[in-house]
Each structure stands twice: as C-alpha cells, then as structure tokens.
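Working notes, beginning with the structure itself.
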Amino acid sequence: MSFSAKSARPESLATPCLVVGIFEDRVLPALTERLDEVSNKAIGKLVEAGDISGKSGEYLLLHKLPGVRAQRVLVVGCGKAKDLTAKKYCGILTNCWKVLKQYSQQEAVVALPALPVKDCDAERRAELLARMFVTLEYQYDTTLSKKHKPFRLRQCTALLETAGERNAAKSGLETGAAIGRGMNLTRELGNLPGNICTPGYLGKQALQLAKKHQRQLSAKVLTEAQMRKLGMHSLLSVGNGSQQNSALIVLEYRGAPASEKPRVLVGKGITFDSGGISIKPGAGMDEMKFDMCGAATVLGVMPALAELKPRMNVVGVIASAESMPSGSATKPGDVVTSMSGQPIEVLTPDAEGRLVLCDALTYVARYKPHSVIDIATLTGACIVALGSVASGLMSNDDKLAETLYTCGQDSLDACWRLPLWDEYQEQLKSNFADIANIGGPKAGTITAGCFLSRFTRDFRWAHLDIAGTAWLQGNQKGATGRPVPLLMEYLLRH
Ligand code: BES
Ligand code: MN
Ligand code: ZN
Numbered sequence: 003m004s005f006s007a008k009s010a011r012p013e014s015l016a017t018p019c020l021v022v023g024i025f026e027d028r029v030l031p032a033l034t035e036r037l038d039e040v041s042n043k044a045i046g047k048l049v050e051a052g053d054i055s056g057k058s059g060e061y062l063l064l065h066k067l068p069g070v071r072a073q074r075v076l077v078v079g080c081g082k083a084k085d086l087t088a089k090k091y092c093g094i095l096t097n098c099w100k101v102l103k104q105y106s107q108q109e110a111v112v113a114l115p116a117l118p119v120k121d122c123d124a125e126r127r128a129e130l131l132a133r134m135f136v137t138l139e140y141q142y143d144t145t146l147s148k149k150h151k152p153f154r155l156r157q158c159t160a161l162l163e164t165a166g167e168r169n170a171a172k173s174g175l176e177t178g179a180a181i182g183r184g185m186n187l188t189r190e191l192g193n194l195p196g197n198i199c200t201p202g203y204l205g206k207q208a209l210q211l212a213k214k215h216q217r218q219l220s221a222k223v224l225t226e227a228q229m230r231k232l233g234m235h236s237l238l239s240v241g242n243g244s245q246q247n248s249a250l251i252v253l254e255y256r257g258a259p260a261s262e263k264p265r266v267l268v269g270k271g272i273t274f275d276s277g278g279i280s281i282k283p284g285a286g287m288d289e290m291k292f293d294m295c296g297a298a299t300v301l302g303v304m305p306a307l308a309e310l311k312p313r314m315n316v317v318g319v320i321a322s323a324e325s326m327p328s329g330s331a332t333k334p335g336d337v338v339t340s341m342s343g344q345p346i347e348v349l350t351p352d353a354e355g356r357l358v359l360c361d362a363l364t365y366v367a368r369y370k371p372h373s374v375i376d377i378a379t380l381t382g383a384c385i386v387a388l389g390s391v392a393s394g395l396m397s398n399d400d401k402l403a404e405t406l407y408t409c410g411q412d413s414l415d416a417c418w419r420l421p422l423w424d425e426y427q428e429q430l431k432s433n434f435a436d437i438a439n440i441g442g443p444k445a446g447t448i449t450a451g452c453f454l455s456r457f458t459r460d461f462r463w464a465h466l467d468i469a470g471t472a473w474l475q476g477n478q479k480g481a482t483g484r485p486v487p488l489l490m491e492y493l494l495r496h
C-alpha cells in the first residue's frame, strides 16, 4: 500500500472513492461541510431523511454527487464530535477500511485524518491511519493450503485542510506505515508454529533483515559454543533438553556516530515453552509458541528504524532457546552460573524466560547503553494483574518508567508500572545459590522483574512483561504486534 497526503478542495479530486466523516451531532466536519455545500446539500438531505445519523459503524456509499469529481463518496459515521478520542478514531478507520474492502476499492482519498481528534495533531492522525490500514491488511495464511483472497488498497491519499497539516501528515504516514509493517512482521513471526520458528529461524530472519537494509542494519548470531565461552550457562541451561540449538542474536541499527550511546532492546525468544521437566498442562500449551513474541517485537522494530532512519543508535538482542523436557533437560534444584557470575538455583525450569534474559542483559553492558528495555512474555501472573489491556512495566529508573508510560498512552499501546521494592527481592532467597529463579506464588510478575533487576544494576533499565498483550486467545488467536508501537514511540520521540 502506498500513502500520500494532499490538501485540496475535496470536490476537485478525481478519485474512484472519496471518504469523508459525518458526526452524530449535526455539525459536519469541515471537508464534509464543503462537499455538502457544492453538492446542493446532498449529504445534509440524507441526514434529514434519516438515511444516516452519523453513529460510529454507519456508512453510506454515494455515487456521482453533483459538483463532485470523485466517482463515489463514502460517508463514514464518526459518532459525537466531542467524544472523538484517538481510540474511537482508530475504530472509525477500521470501519472505513472494512467498507473499502467490501467494495474492493483499490484507490481512495481519505479525509478522516482531517477530523478533530482529541490530543492528536495532523501528524498523529495520519500516522494512525497508515498504521491501522497496514495492519488491517495482514492475515496469517503461511501454513494454510488455501491462501486468503488478498485485498489491497493500492493507493491511499490522506486529505487535510491546510498545506501545513498536509506536510505534517506526510511524515506521519511514513512513520505509521513503517510501524504497521514492523507490527505485521512481529505478528507473522509470533504466529508461525514452533516447528518452523526455531531459534535458528529467528537468527536467519535477523541476518536477512541486515541484508535487506545493509546500510542501516548489521546482524550476528552467536552459537552455543560462543555463548559457552562467554559464560552464558543460565541461557544455555534452558535449551539443554531440546534438539534445537540456542542462539543469541544481535542486530545493530546505526543512525548516529558510533560515539553515541545506543538504546538497547532485549527480547525473550523462547520458540516453544513446554515448561521443561516441569511440563505445562496440555490445555492451551500450543500458545507457548508465542513465547518468542518479545524477540519478534525486536525484529519488528529494527526494520521500522531502518526505514525511518532516526538519528540514533539502537541495538536489538534476542535470547533464544526452545524449552523441552528430556534426559538432558535442566532439573528443579539444578544450579547454573550466569554470565554475571551469580549462581542461580533453578527451582522450576518453567521460569525459563528470566534465565535466558539475565545473560543477555549482562551481555549488553558492553554497549555502555543509554538505556536498556527488555520485552518478554514472562509471567502468567501479569495476565491476571493487567489482562490484555496493558503490558506490565517495571524499571530501576523513575524517569524512564514515566516516559514509557506516556509513550504507551500516546501510541495506544498501554503499559502500567509495578513496583520493584526491596521487600519483594526477599522472595528470591535461596539456600543453594545467590538467587532462586522463582519467588513463590505471590506477586509473580514483580518477583520476575526483581530477578532481572539483579542483572541490570549498571544501566537505566525497564522491563515490559507482554504475557497478556502479545497475542489474543480464542477464535481471534494470533499475535498482536504489541508493543512495537510503544517502543517506536519511545525511540522516535524521546
Ligand atoms: N512463558 C511463560 C509465561 C506465560 C504463561 C505467558 C502463560 C503467557 C501465558 C513463562 O515462561 C512461565 O512459564 N512463567 C511461569 C512462572 C512461574 C513458574 C514462576 C508462570 O507464569 O506460570
Ligand atoms: Mn515457562
Ligand atoms: Zn516462557
């Protein structure tokens, strides 16, 4: 899909389809009002006749309005003008896209980014348009014998009221399209089954991205032997029971001189979490193929950066393994020595995410990072606490936590902070190692964060627990692409 922005009189545009909004409370959005005037009140008359009231979800497709060059005008209900929040706006964009799909429109001029959306400037409104339309296009069919009928809106032009807004929208469209494409890659990798998406497969994806964006990205994949040399015995212990080799994947985005400290992203890449010897119950275990969604988030963010080329350096690190039970698997009670030198008692091999992350977090200290954010489907307890609305956020830096919270609000990809107080650290005491890998049944999300905090003392660090937000369950089962928008917001605007 290709995007562009225009500011012009709506009636002057020769397009197969012009999309305008209509409010429930009689006032027409400015561009709709203009169309109404030149068309002899064609739209106002439909409202008076009761054909459309403007409620969100309603629409009318009109042909050949007098005085209007567009072949069709699609009028989309936008609800009450004063209630138009960014979330509602995204719902309206979704409705709009569905109607365009229903009528197989390949080209459209969309005036919805000209709507007055609460706390959104033209750039943001355009960004959300592109992000929504790009992500709506994605449908998983890689391992289906029948491929979905593709609907492609080839050309989408955002219509704005002024030249200034049009220019802002241009940059917003680029940002939103790049974020949308990043999310779609994150979703695709998340959705792929565990027998395809292995640690080796994720490594190949990283190398491929680096090849595709040679000037911006470089990648390397550390083998098990290389990790052993570095002392990453905690990470390696997770893959002990698996036939698949573990991997540490490093992707570097270079957008500023090497002297500039990088922002580092660390993704949990468990390509299947069986629970290991502490095997998980059968029901829903298939969903543990999504346990690499943190890694997939990193792989979605990096090409989006390569496209947008912000002036900064970003390093993405993925700690990847498959967790399986077998005669060689790590057992409850085993003690492993992490790269940091801290011995860890593995009370349960099912708390494996923190075991791979801790070594990756120790590894990234070599970058003298500006900040480090890890992204992980870490605890079922986080789903209990926050559901699928917000990702869990924990940090050793109040300012970073606040920034990430704001980024979540602004990008419609919410996160909510939980505390990492010393009282919780107590729960990780072990008689047989410096630290245990679980902290008992209470505050499971926090004690997981506390565990990671033992390996992040030397830099500004935040942890995103995406167990509840990375994928949907039920008949909508599939990866969501979160928290790519939140991280892109942080990287591009903070
Ligand atoms: N990958 C899981 C967390 C998870 C579970 C995410 C369900 C999404 C849905 C993680 O490796 C895990 O098994 N965590 C355990 C930790 C516990 C053993 C302390 C959990 O949450 O039960
Ligand atoms: Mn687990
Ligand atoms: Zn896991």
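Residues in the sequence shown are numbered from 3 upward in steps of one, following the numbering used here.
No residue lacks a Cβ here, since even glycine has one placed at the ideal position from N, Cα and C.
Treat the numbers as computed from the prediction; the structure is a model and nothing was measured.
Original post:
Should Glu-354 be listed as close to ligand 3, given that the test is whether its C-beta is under 7 angstroms from any heavy atom?
Top reply: Yes, the Cβ of Glu-354 comes within 7 angstroms of a heavy atom of ligand 3.
Original post:
Around the C-beta of Glu-129, are 16 or more other C-beta atoms found within 10 angstroms, so that it is buried, or is it exposed?
Top reply: buried
Original post:
For Thr-137, which residues of its own chain have a beta-carbon under 7 angstroms away from its beta-carbon, when the five flanking residues on both sides are left out?
Top reply: Gly-182, Met-185, Asn-186 and Gly-483
**OP:** Please check the pair Leu-430 and Gly-446, which I expect to be a contact at CB under 8 angstroms, by giving their CB distance rounded to whole angstroms.
**Re:** With a Cβ gap of about 12 angstroms, Leu-430 and Gly-446 do not count as contacting.
Original post:
Does DSSP put His-372 in a helix, in a strand, or in coil?
Top reply: coil
**OP:** Report all residues from its chain with a CB closer than 6 angstroms to the CB of Ala-367; omit the five preceding and five following residues, and keep chain order.
**Re:** Asp-460
**OP:** Could you tell me which residues DSSP pairs with Glu-347 in its beta bridges?
**Re:** Partner(s): Val-337 and Ala-438.
Original post:
Taking C-beta to C-beta, are Ser-328 and Gly-243 nearer than 8 angstroms?
Top reply: yes
Original post:
Should the region 6-25 be regarded as contacting the region 73-89, the criterion being three or more beta carbon pairs within less than 8 angstroms?
Top reply: yes
Original post:
Distance, Cα to Cα, Val-223 vs Ala-308?
Top reply: 19 angstroms
Original post:
Sorted by chain position, which residues of the same chain lie with C-beta nearer than 6 angstroms to Met-314's C-beta, five sequence neighbours on each side aside?
Top reply: The residues are Gly-257 and Ala-258.
**OP:** Could you check which residue in Ala-110, Gly-192 and Ala-435 has the C-alpha nearest to that of Ala-160?
**Re:** Ala-110
Original post:
Which value, in whole angstroms, describes the spacing of the CA atoms of Leu-488 and Leu-238?
Top reply: 30 angstroms
Original post:
Under a three-way DSSP split, which group does Met-294 fall into?
Top reply: helix
Original post:
Looking at the unbroken alpha helix (DSSP H) that takes in Leu-237, where does it start and where does it end?
Top reply: Segment 235-240, the alpha helix (DSSP H) holding Leu-237.
**OP:** Note the first and the last residue of the continuous alpha helix (DSSP H) segment covering Trp-99.
**Re:** 88-104
**OP:** Just the C-alpha distance for Tyr-91 and Phe-434, rounded to the nearest angstrom, thanks.
**Re:** 55 angstroms
Original post:
I think Glu-226 touches Ser-248, with their Cβ atoms under 8 angstroms apart; what is that distance to the nearest whole Å?
Top reply: 6 angstroms
**OP:** Could you check how far apart the C-beta atoms of Pro-12 and Ala-113 are, in whole angstroms? I think they sit under 8 angstroms.
**Re:** 6 angstroms
**OP:** Answer yes if the region 272-280 comes into contact with the region 292-301, meaning at least three C-beta pairs across the two stretches below 8 angstroms, and no otherwise.
**Re:** yes
**OP:** Determine the direct distance from the alpha carbon of Gly-343 to that of Leu-357, and round the result to whole angstroms.
**Re:** 13 angstroms
Subject >> CB-CB length for Met-304 against Tyr-369, believed under 8 angstroms >> reply: 15 angstroms between Cβ atoms; not a contact.
Subject >> Which listed residue (Val-486, Ala-438 and Thr-379) has its alpha carbon closest to that of Ala-469 >> reply: Thr-379
**OP:** Please look up how many angstroms separate the CB atoms of Ala-450 and Cys-417, rounded, as I've assumed it's under 8 angstroms.
**Re:** Their Cβ separation, rounded to whole angstroms, is 15 angstroms, which puts Ala-450 and Cys-417 out of contact at 8 angstroms.
**OP:** Can you say whether Asn-477 is buried or exposed, counting buried as having 16 or more other CB atoms within 10 angstroms of its CB?
**Re:** exposed
Original post:
For the beta strand (DSSP E) that contains Arg-265, what are its first and last residues?
Top reply: 265-275
**OP:** Mind the definition here: the region 153-169 touches the region 190-209 only if three or more C-beta pairs lie below 8 angstroms; say whether that holds.
**Re:** no
**OP:** May I ask which residues mark the beginning and end of the alpha helix (DSSP H) holding Tyr-365?
**Re:** Element bounds for Tyr-365: 355-365.
**OP:** For Cys-409, collect the residues of the same chain with a Cβ closer than 6 angstroms to its Cβ; drop the 5 residues on either side in sequence, then sort them by chain order.
**Re:** Within the same chain, Cys-409 has close Cβ partners Leu-488, Glu-491 and Tyr-492.
Original post:
Which ranges does the alpha helix (DSSP H) cover as unbroken runs of at least 4 residues, wholly within the region 179-249, from first to last along the chain?
Top reply: If we require 4 residues or more, the alpha helix (DSSP H) runs fully inside the region 179-249 come out as 201-214, 226-232 and 235-240.
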